[in-house]
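K.L.:
Residue numbers (my numbering), protein chains in the order written: chain A, 1 to 164; chain B, 1001 to 1164. Just so you know, even glycine gets a beta-carbon here, dropped at the ideal spot from N, CA and C. Got a structure here, written out as structure tokens. Questions coming.
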DNA sequence: TATTGTTATACTCTATAACTATA
DNA sequence: TATAGTTATAGAGTATAACAATA
């Protein structure tokens, strides 16, 4: 089990990893500087606008965050800032329905141009239209495969804190 | 300034972003579960082994972390765990020289096979050898371009905390 | 019983600023 | 004066577990 990666795999892995890290960092800096938003907060607002309708906490959590309490926390921050509103659902009394406010839309609009500038300047500047399609095809395939994978969280019962 | 992205660019951006996020999360889980290491800690150990010689804190910080104090903190954790050792440099009295210990090497070796399994299973499973080369070429180009970019931290003098 | 969501809590990571010491 | 590194500190993000309410 677990032979070493092929050199071309290593090269690809490192390039992908570093590029993604640089891009993520730049995007986070831009969102914070121009809108006081963390990336997760930006994702929440974007998801609400994209959906075009209010979403429940569970719907929002999907793909954005790995724990429900994490989302509750972020929703609390966004609500305190007046960017979203939460109300009990009428359909299911257990559920909370999240709506984006006008201020939330404005904040998203304020931040979006800079966001696009960063992505274009870092990611797309050196890619031809054909490159973009090729990369899109490859990464879509990879992403779809990743989504299917079981989270492998059948982790060997190992130490929790600092293993030694 | 800042027109919308082309649909194929959006598709590529989202696929890349989500795939990188899923991969990063899976890798972090694996490193934590099997070795009690954060990704940054893993990078530090890997960098020391890769260099094949002791490195100064400044050398270590490059590319791994965005603030020196952050590295000091992580080095403290690794040292407390016995995975690295720090000693004053003889060449430059200001500098600290970091060495990986035997325990550090063992920890890295313990974690590496699982790391490779995750990367292979998630990233390379669906890619042909040709796909890997193509993706590597594209991402290497993108990464090199990103490295050259000024960090754009000439951020518009905006609010710091929660902008409103 | 299972699900939705919140709370309390604790831990990790990161960054800024002030500081020490060497160059 | 500039650089290497640490310290103190504070803030943000995230997760687990316990809980309340509803299905």
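1. Please check the pair residue 1065(B) and residue 1098(B), which I expect to be a contact at CB under 8 Å, by giving their CB distance rounded to whole angstroms.
2. For the candidate residues 1038(B), 1014(B) and 1025(B), whose alpha-carbon lies nearest to that of residue 1107(B)?
3. So with Cβ pairs under 8 Å, would you call residue 50(A) a contact of chain B?
4. With 9 Å as the C-beta to C-beta threshold (strictly closer), list the residues of the stretch 1137-1149 of chain B near chain A in chain order.
5. For residue 1074(B), which residues from the same chain have a beta carbon less than 8 Å from its beta carbon, with the 5 sequence-adjacent residues on both sides left out?
6. For the stretch 1046-1057 of chain B and the stretch 49-61 of chain A, state whether three or more C-beta atom pairs, one from each stretch, are separated by less than 8 Å.
7. Closest to residue 1103(B) by C-alpha separation, out of 1081(B), 1136(B), 1033(B) and 1030(B), would be which residue?
8. If you drop the 5 nearest sequence neighbours on each side, which residues of the same chain put their C-beta closer than 7 Å to that of residue 153(A)?
9. Helix, strand or coil for residue 1133(B) per DSSP?
10. Using three-state DSSP, classify residue 1055(B) as helix, strand or coil.
11. Near residue 1078(B), what residues of its chain come up, given a Cβ to Cβ distance below 8 Å and the 5 sequence neighbours on each side ignored?
12. Which stretch, first to last residue, makes up the alpha helix (DSSP H) that contains residue 1072(B)?
13. In three-state DSSP terms, what is residue 161(A)?
14. Determine which residues share a DSSP beta bridge with residue 100(A) and list them.
15. Are the stretch 1002-1012 of chain B and the stretch 1139-1147 of chain B touching, with three or more C-beta to C-beta distances below 8 Å?
16. Anything in chain A within Cβ reach of residue 1018(B), meaning under 9 Å, just list it in chain order.
17. Work out the CA separation of residue 111(A) and residue 29(A) for me, nearest whole Å.
18. Counting only Cβ pairs nearer than 8 Å, list the residues of chain A close to residue 1125(B).
19. Classify residue 143(A) as buried or exposed, calling it buried when 16 or more other Cβ atoms lie within 10 Å of its own Cβ.
20. Any beta-carbon of chain A closer than 8 Å to the one on residue 1119(B)?
21. I think residue 956(B) touches residue 8(A), with their Cβ atoms under 8 Å apart; what is that distance to the nearest whole Å?
22. Is it buried or exposed, residue 148(A), if we count other Cβ atoms within 10 angstroms and call 16 or more buried?
23. Exposed or buried, what is residue 12(A) when buried is set at 16 or more other beta-carbons lying within 10 Å of its beta-carbon?
24. Roughly how far, in whole angstroms, is the beta-carbon of residue 1135(B) from the beta-carbon of residue 1023(B), given that I think they are within contact range, below 8 Å?
25. Span of the alpha helix (DSSP H) holding residue 1008(B)?
26. Grab me the residues of residue 118(A)'s own chain with a C-beta within less than 6 Å of its C-beta, minus the 5 sequence neighbours each way, in chain order.
27. So that I know if they touch, is there some Cβ in chain B lying closer than 8 Å to that of residue 106(A)?
28. Does chain B have any CB closer than 8 Å to the CB of residue 153(A)?
29. Since residue 1096(B) and residue 1088(B) are thought to touch, with beta carbons under 8 Å apart, how far apart are those beta carbons, to the nearest angstrom?
30. Rounded to whole angstroms, what is the Cα-Cα separation between residue 47(A) and residue 91(A)?
31. Using the Cα positions of residue 1049(B) and residue 1068(B), report the straight-line distance between them to the nearest angstrom.
32. Select from 1071(B), 1021(B), 1034(B) and 1145(B) the residue whose C-alpha is nearest the C-alpha of residue 1115(B).
33. Compute the distance between the beta-carbons of residue 1145(B) and residue 18(A), then report whether it is under 8 Å.
P.N.:
Walking through what the data contain:
1. Residue 1065(B) to residue 1098(B), Cβ: 13 Å. No contact.
2. 1038(B)
3. no
4. 1137, 1138, 1139, 1140, 1141, 1142, 1143, 1144, 1145, 1146, 1147 and 1149
5. Excluding positions up to five away in sequence, the list reads 1038, 1040, 1041, 1044 and 1065.
6. Judged by Cβ distances under 8 Å, the stretch 1046-1057 of chain B makes no contact with the stretch 49-61 of chain A, as fewer than three pairs qualify.
7. 1081(B)
8. Because the pLDDT of residue 153(A) is 46, which lies under 50, any placement of that residue in the model is unreliable, and the number read from its coordinates should be weighed accordingly. Nothing meets the Cβ criterion.
9. Residue state, collapsed to three classes: helix.
10. strand
11. Excluding residues within five positions, the ones whose Cβ falls inside 8 Å are 1041, 1044, 1045, 1084 and 1104.
12. That run of the alpha helix (DSSP H) goes 1068-1080.
13. Note that residue 161(A) scores 30 on pLDDT, short of 50, meaning its location in the model is unreliable; the coordinates nonetheless yield the value given after this. DSSP places residue 161(A) in coil when its eight states are reduced to three.
14. 84(A)
15. no
16. Residues of chain A whose Cβ lies closer than 9 Å to the Cβ of residue 1018(B) are, in chain order, 63, 139, 143, 146 and 147.
17. 11 Å
18. Among the residues of chain A, those whose CB is under 8 Å from the CB of residue 1125(B) are 145, following chain order.
19. Under this definition residue 143(A) is a buried residue.
20. yes
21. Outside the displayed span of chain B (1001 to 1164) sits residue 956(B), for which this structure offers no information.
22. exposed
23. buried
24. No, residue 1135(B) and residue 1023(B) are not in contact; Cβ-Cβ is about 13 Å, not under 8 Å.
25. 1007-1035
26. 26, 27 and 30
27. no
28. Because the pLDDT of residue 153(A) is 46, which lies under 50, any placement of that residue in the model is unreliable, and the number read from its coordinates should be weighed accordingly. For residue 153(A), the answer is yes, since a Cβ of chain B falls inside 8 Å of its Cβ.
29. 6 Å
30. 21 Å
31. 21 Å
32. With distances taken between Cα atoms, residue 1115(B) lies closest to 1034(B).
33. no
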